[in-house]
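Here's the structure, in structure tokens; my notes come after.
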Amino acid sequence: MYGRTLLPKQKQTGGDVSIPKLSASLLGVSTAGKNLKRYQQVCGFAAVSHLPVTWPHVLAFPLHLKLLTEKAFPLPLLGLVHLRNTITQHRPIGTGENLDLSVRLGNTVKSDRGVEFDLITEARSAGKLVWEEASTTLFRQPDGESKSSGKKHRQSWNVIRTPKISRCPNRLAGNTPGYPATATRSTCMPSAKAFGFPRAIAHGMWTKAHALALLEQQEGWQASALSISCQFKKPLFLPGTAQLNWKTGETGWDYQVLNAKGDAPHLTGSVDWL
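Using the UniProt record's numbering, read the sequence shown as starting at 1 and increasing by one per residue.
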């Protein structure tokens, strides 16, 4: 199935593009195992009794890939850009707890840059929704008309404090069990040249996960129901160094991952306590 991500689409991708309402599901998915331990090590999460908030995203990746490689899906994967990601955890998920996963395509809008759509993922335990995610993806069209997607995002802010500088080592590329070294969900992307990048880059969802792992170690963090969102900005080239900045509030935290100089963002986002 991974090889299908590189295959060109035969359908027209100019003008109006209709995203079909595709869906897929997988029942009784185990959340434990050696891949979880490796993921915790790579991203910097502590080994505790509950899952990293971003781990169900990894478990659902085969379903994401299934939908995006369906014949009915009209767009080539190599033309897609990950813009935003929002994860809502309704309660901590216990390590070893089985999940029923479902994924669907939706929320298609025409923007000034092209066509945007969401990959919507839900995880249920014993029939109850415990985790959900919306990943917004863009297919660029130079002739796109400017239309509002109706989604509001927080503006930039002044940096309050800078914790330790973090690094995603280049040696991880293509060497992480459970992370295929493809253009879509690997921790580090050695295939980045296929997207026009001069060298390997850290995957945006690894950057988000590592930032979250660091935030969880800070005083005042609430390991409970929360929503964590981010907007992906400039690529983080490897090998490379970045810094994490955040500011706290009564109802949530804002955070950003910047380059080593602190003058260009790789990722900006917010955490809201529910």
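All C-beta atoms, glycine included, are put in the ideal place defined by N, C-alpha and C.
Closest by C-alpha distance to residue i, when choosing among the options
i           : options                      : result
Gly33       : Gly96, Trp206, Thr88         : Gly96
residue 277 : Pro74, Trp206, Leu267        : Any question about residue 277 goes unanswered here, given that the chain covers just 1 to 274.
Leu101      : Leu59, Gln89, Phe73, Val115  : Leu59
Gln222      : His90, Thr31, Ser125, Phe61  : His90
Val81       : Val29, Thr268, Gly204        : Gly204
Asp16       : Leu99, Leu77, Thr108         : Thr108
Ala225      : Thr241, Glu132, Glu70, Lys37 : Glu132
Leu236      : Ala200, Gly252, Thr251       : Ala200
residue 292 : Arg38, Asn35, Phe139         : Look at the range of the chain in this structure, 1 to 274, and you will see that residue 292 is not part of it.
Residue environment, residue i, which counts as buried when at least 16 other CB atoms sit within 10 Å
i      : result
Arg84  : buried
Pro177 : Reliability of the predicted coordinates at Pro177 is poor, the pLDDT of 30 falling under 50, and the value obtained from them is presented with this limitation in mind. With fewer than 16 other Cβ atoms within 10 Å, it is exposed.
Ser229 : buried
Leu27  : exposed
Gly114 : buried
Gly249 : exposed
Gln217 : exposed
Thr137 : buried
Leu77  : buried
Asn245 : buried
Asp112 : exposed
Arg56  : Before going further, note that residue 56 is Pro rather than Arg in the sequence given. With 16 or more Cβ atoms within 10 Å of its Cβ, Pro56 is classed as buried.
Thr126 : What sits at residue 126 in the sequence shown is Ala, not Thr. Exposed, since its Cβ has fewer than 16 Cβ neighbours within 10 Å.
Leu238 : buried
Thr31  : buried
Leu274 : exposed
Sequence-distant residues of its chain with Cβ nearer than 6 angstroms to residue i (five each side left out)
i      : result
Asn175 : With a pLDDT of 30 at Asn175, under the threshold of 50, the modelled position of this residue cannot be trusted; read the value that follows with caution. Within the same chain, Asn175 has no close Cβ partners at all.
Phe45  : Pro52, Ala213
Leu258 : Gln243, Pro265
Gly269 : Ser229, Cys230, Tyr255
Arg141 : The identity of residue 141 in the sequence shown is Gln, whereas the question assumes Arg. Taken in chain order, the residues that qualify are Gly114.
Thr88  : Glu132, Ser227
Phe29  : The question names Phe, but residue 29 is Val in the sequence shown. The residues are Leu59, Leu99, Leu101.
CB contact flag (residue i, residue j, <8 angstroms)
i           : j      : result
Val271      : Leu214 : no
Gly220      : Gln243 : no
Ala209      : Thr54  : yes
residue 275 : Gly106 : Here the chain has residues from 1 to 274 only, and residue 275 is not among them.
Leu68       : Ala24  : no
Sheet register partners of residue i (DSSP bridge)
i      : result
Tyr255 : Trp246, Gly269
Pro100 : The residue you asked about is not Pro; residue 100 is Asp in the sequence shown. Paired residue(s): Arg124.
Asn85  : Ser135, Cys230
Lys110 : Val115
Ala47  : DSSP lists no partner for Ala47.
Close Cβ partners of residue i (< 7 angstroms) along its chain, the five nearest in sequence each way excluded
i      : result
Ser49  : Gly94, Thr95
Ser135 : His82, Asn85, Asp118, Leu119
His64  : Val103, Leu119
Contacts around residue i, its chain only, beta-carbon distance under 8 angstroms, and the 5 residues preceding and following it disregarded
i      : result
Ala72  : Pro20, Leu22
Lys234 : Asn259, Ala264, Pro265, His266
Leu129 : His90, Glu122, Ala123
Contact test: residue i Cβ vs the ligand FMN heavy atom, cutoff 7 angstroms
i      : result
Pro265 : Summarising the ligand content, the structure contains no ligands, and the ligand FMN is consequently not present.
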